[in-house]
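Notes for the one structure printed next.
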Amino acid sequence: MRFSKMLIPTLKEAPKDAVLPSHIFLVRGGFIYQVASGVYDFLPLGKRVLDKVRAIVKEELDRAGCQEVQLGFVTPAQLWRKSGRYEKYGAELLRFKDRKENEFVLGPTHEEMMVELAKQFVNSYKQLPLNLYQINLKFRDEARPRFGLMRGREFLMKDGYSFHADEEDMVREFNHMETTYRRIFERMGLDFRVVEADSGAIGGEGSKEFMVLADSGEDTIVVCEGCDYAANIEAAKRAEPTPPEEAPEADPNRFHTPGISAIEDLATFFFVDPWFLVKTVAKRALYDEGKSEIVLFFLRGSDTLQEVKAANAVGANELVDVSEEELVAAGLVPGFMGPVELVRNVNAPEGAPVYKEEAAVHGVTMVLDEGLRGAQKMICGANEKDYHYVGVNLAVLNDARFADLAQVQEGDACPRCGAKLRYTKGIEVGHIFQLGTRYSEPLEATFLDQNGKARPFVMGTYGIGVSRLLAAVVEQNHDEKGAIWPASVAPFEAVVVVGNVKDEAQREAGEKIYEALRQKGVDVLLDDRPERFGFKMKDFELIGFPYAVVVGKKLSEGKVELVCRKSLAREDLSLEEAVAKVAESVR
RNA sequence: CGGGGUGUAGCGCAGCCUGGUUAGCGCACCUGGUUUGGGACCAGGGGGUCGAAGGUUCAAAUCCUUUCACCCCGACCA
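With our numbering, letter number 240 in the first sequence gets 241, and the count goes up by one each step, no holes.
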């Protein structure tokens, strides 16, 4: 391909709204063009990269035994109603009607459609397991698209779904997919971590995310300095923390704490570490069909509430802030809430302090963090204005509802090896998930087992953000001049730059090298534009082809220059050497 | 969805506050010439419903109203 014939509109200036390097360079390099909020056109260079990424994904999945299909981008609303997601998915689902007033949605993900497909054609355990995938457009009407391809509304995604006769086989495939995904991202030259992820209402260890490490990532992940433990902060665990100091000695008592309710102020007031305080976080939990309730989450004052964990603990779709007025209306005392009277205590041990009668609250659910189980000598709100209890033994609440609610903090100990955990940022490029029968059951997708009994498919689901990968690759491979593509996904593996096209000898040598590289199977571009040398080199650096063979002044000595985009190192070689070296380097 | 901001040539911007001839600049583009190892220079040239609609006025890019789009912070993100 010749540069002079290709539509490659490189820009000297960055678009004013671009912040991330990947966004800036993809636009400046002429890869993509924004047509609407969160919707991008792929120009020739962008399309080439996209196709290469897509090809790698396809190659590895096919090798892993998956079968590619392509489902309709436009999907009937009826299916979504059946699974209950038509309402639940919310505003992100783009709904519309055709001329006959039939309702449709643009597919944001395709569980329903794929389950329907399996239901239609898979009837027997003999047909299992089956792993179907597609690489197709998705549309999610994101509240706030941003960062170029990183968070678009329309995007290319690989979504796969596997069907199994039992849990065990599904887990086997899940692990197989993890291996396959690792290969895919390794081939793209990405530095990534496989992290344990939030598996939502399903729970368990059935969800892993593939995170490309980058400061600009939108997800916070917790990684261990000692072993390979890594988890999304929404799901991260830690070894049981050790108390920071001796527990404060205090007889069980009700203590006057006028106007003091913030954790910090209490810690100062009582001269104790926040570890010994009970923090109460009030939220309104939203459920299906517009139902909601106030939930009080209790945890150590030294911890903060992890909202995803908290939402999962009560099975809520979402947690929102709740106003003081609402709390008061529910019979609560904002600023002085504590678990003691609120959680019914039926097994108070001998010698437990006598607290006042259970507070007159209604419609409130309470959950305690695991870290408070059996905690002793604690200080907590007395559910009375300006009063706290000291010397509280929370063992009295052992029958209460406990869950992991606390957010893992930097410096906490690894749950596996005990080394220190720290935070890093990641871009989610893949997610694999043990679905179970979450969709097959409500959609009545069943098969007949050996005994001729109908059973719902046990499913797994696996996603890769294909267009997002372009952004992730650039985010991790760029310098101040532009992108630096790994050869495996580069729009071209090399460019031959003719320094001055009016110089007949240079032009001819350029053509010769270009042809020789093509003969060797190198995906090469010939920059034959009538531009000055510097201009072309800037474009090479901006676009980020892995190698440039520069035909210029040293041609008179029989030399051309090989420039490595990554190191920017250059070396003088004969024409033949340059061709051989490029061909070898991109393999 | 809450808060803030911006819409003027393909891109980046000035002009608006304080209304007044043909709406300007840089880059890009076209023609000719000189250049040719790090985003060249000279000369000439083309391109704009000033986001849209309505209003005020003798007169609107400029003031008012409505509306649309895009961006930023936050909320949200299978």
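No residue lacks a Cβ here, since even glycine has one placed at the ideal position from N, Cα and C.
Listed as beta-bridge partners of glutamate 509 by DSSP are no residues whatsoever.
Aspartate 52 has no beta-bridge partner at all, per DSSP.
Looking from the CA of aspartate 387, the closest CA among Met338, Phe26, Asp480 and Cys415 belongs to Met338.
Straight across, the Cα-Cα distance linking glutamate 585 with valine 496 is about 15 Å. Listed in chain order, the non-local C-beta contacts of histidine 432 below 6 Å within the same chain comprise Glu210 and Gly464, local neighbours out to five positions each way being set aside. Rounded to the nearest angstrom, the gap between the Cα atoms of glutamate 411 and aspartate 480 is 29 Å. Secondary structure note for valine 490: it is in no beta strand (DSSP E), with a DSSP letter that is neither H nor E. The beta carbon of leucine 129 sits closer than 8 Å to those of Val123, Phe164, His165, Ala166, Asp170, Phe448 and Phe458, all from its chain and outside the five residues before and after it, given in chain order. When DSSP states are grouped into helix, strand and coil, serine 163 belongs to the strand group. The alpha-carbon of alanine 455 is positioned some 42 Å away from that of arginine 239.
Taking C-beta atoms as the reference points, tyrosine 162 and glutamine 451 fail to come closer than 8 Å. Minimum Cα-Cα distance from glycine 153 among the listed residues Glu516, Val393 and Asp42 corresponds to Asp42.
Here asparagine 132 is buried: its Cβ has 16 or more other Cβ atoms, across all protein chains shown, within 10 Å.
Ranked by Cα distance from alanine 472, the options Glu371, Ile234 and Gly47 are led by Gly47.
Here the C-alpha atom of asparagine 399 lies approximately 23 Å from the C-alpha atom of valine 334. Setting aside the 5 residues that flank it on each side, glutamate 371 is surrounded in the same chain by Phe403 and Asp405, each with a C-beta closer than 6 Å to its C-beta; the list follows chain order. A contact between stretches requires three or more CB pairs, one per stretch, nearer than 8 Å, and the region 560 to 571 fails this requirement with the region 515 to 535. Counted as a single uninterrupted DSSP element, the beta strand (DSSP E) harbouring alanine 286 occupies residues 279 to 287. Beta-bridge annotation (DSSP): cysteine 225 is paired with Leu422. Only residues of its own chain outside the window of five on either side were considered, and among them Ala248, Pro249, Ala251, Phe277 and Gly392 have a CB closer than 7 Å to the CB of lysine 378, listed in chain order.
Counting only the Cα atoms, cysteine 225 lies some 21 Å from glutamine 477.
For valine 223 against methionine 212, the beta-carbon gap comes to about 11 Å, at or over 8 Å, which does not count as contact. Across the structure, alanine 263 and glutamate 325 are spaced so that their CA atoms are roughly 15 Å apart. Between isoleucine 9 and glycine 31, the gap from beta carbon to beta carbon is short of 8 Å. Just so you know, the alpha carbons of threonine 180 and isoleucine 428 end up roughly 19 Å apart.
Fewer than three Cβ pairs drawn from the region 313 to 333 and the region 413 to 428 lie within less than 8 Å of each other, which leaves the two stretches out of contact. Excluding the 5 residues flanking it on each side, arginine 29 has same chain C-beta neighbours closer than 7 Å at Thr11, Leu12, Ala15 and Leu543, in chain order. Counting along the chain, glutamate 246 sits inside no beta strand (DSSP E), nor does DSSP assign it H or E at all. When the alpha-carbon of arginine 188 is set against those of Val409, Glu294, Tyr390 and Glu61, the nearest one is in Glu61.
Under the three-state reduction of DSSP, serine 23 is assigned to helix. Note that the C-beta distance between glutamate 112 and threonine 462 is below 8 Å. The three-state reading of DSSP puts methionine 367 in strand, counting E and B together. A straight-line Cα-Cα distance of about 12 Å links glutamate 445 and leucine 118. Counting only the Cα atoms, proline 146 lies some 47 Å from alanine 510.
For valine 467, the enclosing alpha helix (DSSP H) covers residues 467 to 477.
For alanine 549, the pairing in a beta bridge is given by DSSP as Val496 and Val564.
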